[in-house]
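> Dumping the structure here so I can ask a few things about it.
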Amino acid sequence: MGEKFAKNHHALLSEGEENEMEIFGYKTQGCRKAMCIAGYILSFGVLRLVFYWKPAWNVWANCIPCGLQEADVTLLRTTDEFQIYSQKKVTWISVSALNKFRPDYPIIADENSIINKAILKPDLKVRCIQVQKIQYIWNNPEKQFQKVGSLEDSHTCSDIHAKFGSGLTGEEQDIRRLICGPNAIDVQVVPIWKLLIKEVLNPFYVFQLFSVCLWFAEDYKEYAIAIIIMSLLSISLTVYDLRMQSLKLHRLVKSHNNVKVTVCRKKEGFQELESCHLVPGDMLALTGGKALMPCDAILISGRCIVNEGMLTGESIPVTKTHLPQADDSRPWRTYCAEDYKRHVLFCGTEVIQTKGDGNGPARAVVLRTGFNTAKGDLVRSILYPKPMNFKLHRDALRFLMCLIVFAIIGMIYAVCVFALNGEETGEVVKKALDVITIAVPPALPAALTTGIIYTQRRLKKKGIFCISPQRINVCGQLNLICFDKTGTLTEDGLDLWGVIACEGNSFQKVHSLSWGPVCRAMVCCHSLIVLDGKIQGDPLDLKMFEATNWEMENSSEDLDENGELTTAVIIKPGPKASNVPVEGIAILHQFPFSSALQRMSVIAQEIGGEQQVFMKGAPEMVARFCRPETVPSSFACELQFYAAQGFRVIGLAYKILQAARQAAGITREEVESDLTFLGLLIMENRLKAETKPVLEELSAARIRSVMVTGDNIQTAITVAKNAGMISHTSQVILVEANELPGSPSASITWKLTEERKTNDYRNLETLIHIGGRFRPEVGRSSYHFAMSGKSYQVIAQHFSHLLPKLLINGTVFARMSPGQKSSLVEEFQKLDYFVGMCGDGANDCGALKMAHAGISLSEQEASVASPFTSRTPSIECVPELIRQGRAALVTSFCMFKYMALYSTIQYLGILLLYWQLNSFGNYQFLFQDLAITTVIGITMSLNSACPKLVPYRPPGQLISPPLLLSVVLNILFSLCMQVFGFVTVQKQPWYTQHNIYSACLTGNESHVENSSSITTLSVNGLENAAVRGTVGNGYRSYENTTVWLLSTINCLLVALVFSKGKPFRQPVYTNYIFVLVLAVQLGVCVFFVFADIDNLYIQMDLVCTPTFWRISMMIMLLVTFVVSFVVEEAVIENRALWALLKKCFQYESKSLYKKLQRMLEQHSAWPPLNETIFSGTRVIPVEDTTAAYRNPVFESNDTL
């Protein structure tokens, strides 16, 4: 019974998806709720505040566990390492008001619809919860919450055509709309008051509020007001940033929610309505000109050309074809495999052109609505970002907990001292609470925020914009950067380098373009369109077509003999085209490019001539469809040679259609057979000028660079070598993994690539040879792995134990899809790398979000979720961001250390004075807190970053031996100095506890004359102070003066010691404002020591001491400063010393990638070469012969 209850109580929500969560069922109990309300009242709201911070506690206190079926409250917990809790109420939706239904009749026509399973009969109600903008309803038969807002994945191609091809009934639309919610990506601009309350309820600010109230109660209003002002500034800046992000996101999605669409209703025909009323299953009619897609939809008839720039970052027209009416029992996505996106129109993309079939306009079935869509998912990822797992944040909390422990010890000490001496209860409580506000510095959040603001401002000046300031510190820890290739490392555009035609059974020399089959293929084998009088399309197609000097005309439409509408693109020679014997060519039909098929084909016809087929794609793929005798014998060698130079190689083929047939009626299988191989197009993609210097700088700083691209693997290897990512002394091992047909197992093969010099290939130098052995002079330590996205996927599924080992030396990842890029970044993070991702926004969006620091070189909407965006599309922003991140991280550590020392110094001084029932005066506190610490906190962070990246990173955690030792030693130095001063002053011959003027009797007679009047003075409310020695002295005593002067000047000296300069920041003397502030503050403090001005001393609660004692205090401070400075420089910052200590104690890094590196260095058989391993652990050696590598050269834009 217990197991059954536990099973019903707990389940997984969105299992297997990125936003997977655990869900627990609870039922509210009246008596528990009443007790909690009483607790809220008795605790003056503190308990409610705690429950606000800890929603799980709120649920556990108010509710009892129950099965999810009976729950009225659910507790959600993320399944990642953070395990964040949230609470959601279960609500009911009633559908009975819409219409009267028969109890035994399905309400939705589709009997398998989740909506039918969710409606409780006869009440006609649905239980639901909304989590992160997604609606989940209770599936009664399956006893679980399931997502609604999209068509079920189980539909087959024929199902979609049959069930939704003629539209939904009005009643079914109403029910779906009520349950699924409106089709709107509605991001409300959060009101300022809400943002303000949320920020103010942060635990830090609640503590500050407590401190301020205490200070006002003690008449310490000056510093209280200063803290209020600083906190308000900090809160205002945070609220402003959040408000701007909210506005930006609102504007991004606003246009999506106000679109007029034409919908077909069953038996009622076409109707026009607002897009917010769309539901999954609706049938859209796509007519007219340009329009934004308000939902995700499956095209079921006709053809569309869309601009998917919002998703891919590239404003390239993409052709969408209709879903085939295949009689196949598999779900439509499984049937279409990788090609399913060719049939889907995604929300937020722009429909440029539509072409209907003979039965009317193009039509599409609504697949997903609202936040379930592609654009909705992007917006949700911005609204609910994955929290950062950074040690600094965890250590900061531990640091604060340590301070709280110190504060509790101090509180107990204060209560004991004051209570035992008969102080009033109210005074004892105030003194005890004072210790908390002293030990835990309330100004810490403001001080840390200031450093981040300065860094953000410096980044903005460099053209780098940041929408996630908390990630700036993380940039200081980056040790691996993933780069996209096209548009990031290389130039955006491709140039036509040359054409290698095939004649007979051999390749000809590279020659200029002349009229012939190759020229005809270049003229018509593409997917370009004319839009607004301008030719648009894939950059490769565009460059190829421009090289012919031909021109395109708008598509023409005509009716064939069967009355069906046909369209043709007319292409004619331009003024600059060479003399050709034809008037023009009509493209009759296209079989669009598919990343799965790696090719495209067209049927074209010369005006007045015969029909021809042209194919373009990956050379080895094109060669498969050609007659063997037409493929040159040197094909593999020639292809390998050009790809090895970093060129992009395209294969061309053609054939003449023997019998004239209607182009639209010919299948792809008929068209793509018995072709004649025409030759190769060689496209050049140049490195950007700044690529090599930047990668060299990162390499010198021991920051790994990895290429993650959608391009060909050999091209990527060559670009990596030319860019310096792979040194010319290193060797590259090609890793190929394949699933075995008809078997659940897979194979993985390691092949060594060798560079050979050659003089046979038209003065080009390098040839990559597959298969070989390690050169003895290189050894097994200098190698890099290269693999394709397909191999990566197979390895992740079948050889997961090998994946971490491969990633340690993996440098080139080619043919990677967007999902694979994200997965790769995550796998690197699992190895404890701090990963940066730099891309141009072209399908790098997921990886940019996943990385610790995503840097987008594009300002397209696709990069709106990237934490950092560079105004200039140059990777020079990467080292700059790392420099600034390192400087910001060191600044944060400096501020933590300084604030810890400042609070500890003040804490120690107060505890010493408490022993005599004394304390610092209000103006003494004010001077330390406001004039010293606050000003230092604002100016200490002004140091700019050091221009050189050193080959090591700053420490990434507060709980590290050097930092802890630095703090502990400086605390001990301060403690020794203050205790020494406190004890020594009491042993001076002029010291008396009851007469604060005894020390200056001989030196200043005016003190004697005025002593009677002075001792009766009551300044700044000191009449309320407890009796401490002589009545009327207030806080004034020799101990107070000594301890306060020592602690105040010590705060300045500690600030100077902790102001780190090189190697991560500019030297401290370049921070002119900070140096000036320190000089002025030190001058004022020295003036306090030697001034001996009655009114000033009375105001500051100081007393006169002999000159000898004043000089003695300065010597104490000087000795402490020298010792602290020497220890900091000679011990704490001595990298050689710490390296020696690590060696002596045999300390090794705990990072997983370091452990793996050490393990692989000991493994003499790694990496295995020229052998194949099966997932069943069989090993087969591979013959050491030259192999024609797989070169999937032509991929769709969505993987570039």
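Straight run, no breaks: the sequence shown in my numbering ends on number 2464.
Cβ atoms here follow ideal geometry from the backbone N, Cα and C, with glycine treated the same way.
This structure is a prediction, so every number in the text was calculated from the model and none was measured.
(1) Taking C-alpha atoms, which residue in Ala1638, Gln1875, Gly1881 lies nearest to Lys1919?
(2) Output the boundary residues of the alpha helix (DSSP H) element that contains Met1230.
(3) Run through the DSSP bridge pairs and tell me what Tyr1349 is partnered with.
(4) Under the DSSP definition of a beta bridge, which residues are partnered with Cys1730?
(5) Go ahead and label Lys2406 buried or exposed: buried means 16 or more other beta carbons lie within 10 angstroms of its beta carbon, across all protein chains shown.
(6) Do you know how far the Cα of Thr1993 is from the Cα of Ala2106?
(7) Is Ala1900 helix, strand or coil by DSSP?
(8) Between Val2367, Asn2234, Ser2262, Leu2360, which has its C-alpha nearest Val2391's C-alpha?
(9) Taking 8 Å as the cut-off, decide whether the C-beta atoms of Met1947 and Met1971 are in contact.
(10) Could you check if Ala2115 is buried or exposed, using at least 16 other CB atoms within 10 Å of its CB as the buried criterion?
(11) Starting from His1425 and walking both ways along the beta strand (DSSP E), at which residues does that stretch end?
(12) Can you tell me whether Asn1283 is helix, strand or coil according to DSSP?
(13) Excluding the five sequence neighbours on either side, which residues of its own chain have a C-beta within less than 6 Å of the C-beta of Glu1284, listed in chain order?
(14) Would you say Thr2519 and Phe2237 are within 8 Å of each other, going by their C-beta atoms?
(15) Would Glu1936 and Ser1865 be called neighbours here (beta carbons separated by less than 8 Å)?
(16) Starting from Arg1632 and walking both ways along the beta strand (DSSP E), at which residues does that stretch end?
(17) Quick one: which unbroken beta strand (DSSP E) runs of 3-plus residues sit fully inside the region 1829-1908? Chain order, please.
(18) Going by the CB atoms, is the gap between Lys1411 and Gln1333 shorter than 8 Å?
(19) With a threshold of 8 Å, are at least 3 pairs of Cβ atoms found where one atom belongs to the region 2178-2198 and the other to the region 1476-1495?
(20) According to DSSP, what are the bridge partners of Trp1814?
(21) If distances are taken between C-alpha atoms only, which option among Gly1797, Trp2179, Pro1544 comes closest to Thr1433?
(22) At a cut of 8 Å, does the region 1657-1665 reach the region 1629-1640 through at least three beta carbon pairs?
(23) Leaving out five residues before and five after Gly2053 in sequence, what residues of the same chain have Cβ atoms less than 6 Å from its Cβ?
(24) Can you give the Cα-Cα distance for Lys2221 and Leu2382, rounded to whole angstroms?
(25) Ile1290 and Val1314: beta carbons closer than 8 Å?
(26) Under 8 Å Cβ to Cβ from Lys1584, same chain only, skipping five residues before and after it: list those, please.
(27) Alpha carbons only, please: which of Ser1842, Gly1838, Met1786, Ser2224 is nearest the one belonging to Ile1851?
(28) Leaving out five residues on either side along the sequence, give the residues of the same chain with a beta carbon under 6 Å from the beta carbon of Leu1697.
(29) Going straight from the alpha carbon of Gln2426 to that of Leu2420, what length do you get?
(30) Would the region 1685-1700 count as touching the region 2090-2101 if we require 3 or more Cβ pairs under 8 Å?
(31) At the level of alpha carbons, what is the spacing between Lys1554 and Gly1797?
(32) Let me know the secondary structure DSSP gives Arg1784 once reduced to three states.
(33) Tell me, which residues are paired with Ser2052 by DSSP?
(34) For Leu1823, which of helix, strand or coil comes out of DSSP?
(35) Just checking my contact of Leu1804 with Leu1758 at CB under 8 Å: how many whole Å lie between their CB atoms?
(36) Between which two residues does the alpha helix (DSSP H) containing Tyr1718 stretch?
For this structure:
(1) Gln1875
(2) This structure gives no information on residue 1230, because the portion of the chain shown stretches from 1265 to 2464.
(3) For Tyr1349, DSSP records a beta bridge to Arg1341.
(4) Phe2132
(5) exposed
(6) Interpretation of Ala2106 is limited by its pLDDT of 46, a score under 50 that renders its predicted location unreliable; no figure is taken from the coordinates.
(7) The three-state reading of DSSP puts Ala1900 in helix, counting H, G and I together.
(8) Asn2234
(9) no
(10) buried
(11) Where His1425 is concerned, there is no enclosing beta strand (DSSP E), although the alpha helix (DSSP H) it sits in stretches over 1421-1428.
(12) coil
(13) Ser1278, Thr1343
(14) There is simply no residue 2519 to check, as the chain begins at 1265 and stops at 2464 in what is shown.
(15) Annotated as proximal: Glu1936 and Ser1865, with beta-carbon spacing under 8 Å.
(16) 1626-1632
(17) 1829-1837, 1849-1858, 1863-1870, 1875-1881
(18) no
(19) yes
(20) Pro1837
(21) Pro1544
(22) no
(23) Counting only Cβ-Cβ distances below 6 Å, and skipping sequence neighbours, we find Arg2079, Met2080, Ser2081, Gln2084.
(24) Position check: residue 2221 holds Gln in this sequence, whereas Lys was assumed. Roughly 31 Å between the two C-alpha positions.
(25) A quick correction: the sequence has Tyr, not Ile, at residue 1290. Against a cut-off of 8 Å, the Cβ pair of Val1314 and Tyr1290 comes out as no contact.
(26) Leu1563, Arg1567, Cys1568, Ile1569, Val1570, Arg1606, His1607, Val1608, Leu1609
(27) Closest option to Ile1851, Cα to Cα, is Met1786.
(28) Leu1478
(29) 10 Å
(30) no
(31) Approximately 15 Å, taken between the alpha carbons.
(32) helix
(33) Ala2078
(34) The predicted model places Leu1823 with a pLDDT of 40, which falls under 50 and marks its position as unreliable; any figure quoted below should be read in that light. Of the three classes helix, strand and coil, the one that applies to Leu1823 here is strand, per DSSP.
(35) 5 Å
(36) Where Tyr1718 is concerned, the enclosing alpha helix (DSSP H) stretches over 1708-1725.
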